[in-house]
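*Asks:* My questions will all concern the structure given below.
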Amino acid sequence: MTCVICKTGICKPGKTHFSVFVKDAFVVIKNVDALICENCGEAYYDSETTKHIQKQVEVAYNNNADVDVVKV
Ligand SMILES: [Zn+2]
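Now the structure itself:
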């Protein structure tokens, strides 16, 4: 697929890190499957992966609000 951000790059399957602020914590999920734009690096996640990410973020936050890195 063609990247919708830069409109020139081709998105290819790969691994990336997903990071997000949750209230008072910064959560990083490592090695997430994604389609990554070879031009600008924008990452796209399918619906299954998005669910997985949301779950991981929730678990990480609930287990320890200070956690900032989670391996998957
Ligand atoms: Zn792009």
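When we follow the working numbering, the leftmost residue of the sequence shown carries the number 625, and every step to the right adds one.
Where a beta carbon is used, it is the ideal one built from N, C-alpha and C, also for glycine.
As the structure is a computational prediction, the values presented were derived from the model and not from experiment.
(1) Quick check on this structure: which residue in G665, V656, T626 has the alpha carbon closest to the alpha carbon of K679?
(2) I believe E662 touches G633 by the beta-carbon criterion, under 8 Å. Please report the beta-carbon distance rounded to the nearest angstrom.
(3) Would you tell me roughly how many angstroms separate the C-alpha atoms of T674 and K631, rounded to the nearest one?
(4) Drop a sphere of 10 angstroms on the beta-carbon of C627, count the other beta-carbons inside from all chains shown, and report buried for 16 or more, exposed for fewer.
(5) Measure the alpha-carbon distance for Y685 versus V646 and round it to whole angstroms.
(6) Assign V681 to one of three DSSP states: helix, strand, or coil.
*Replies:* According to the data block:
(1) Residue numbering aside, residue 679 sits at position 55 when the sequence shown is read from its first letter. Of the listed residues, the one whose Cα sits closest to K679 is V656.
(2) Walking along the sequence shown from the start, residue 662 turns up at place 38. Walking along the sequence shown from the start, residue 633 turns up at place 9. E662 to G633, Cβ: 5 Å. Contact.
(3) On the sequence shown, position 50 is the one that residue 674 refers to. On the sequence shown, position 7 is the one that residue 631 refers to. Spanning the alpha carbons of T674 and K631 requires a straight line of approximately 23 Å.
(4) Taking the first residue of the sequence shown as position 1, residue 627 is located at position 3. That one is buried.
(5) Within the sequence shown, residue 685 is the residue found at index 61, counting from 1. Within the sequence shown, residue 646 is the residue found at index 22, counting from 1. V646 has its alpha-carbon roughly 7 Å from the corresponding atom of Y685.
(6) Your numbering for residue 681 matches position 57 in the sequence shown. The answer is helix: DSSP assigns V681 an H, G or I state.
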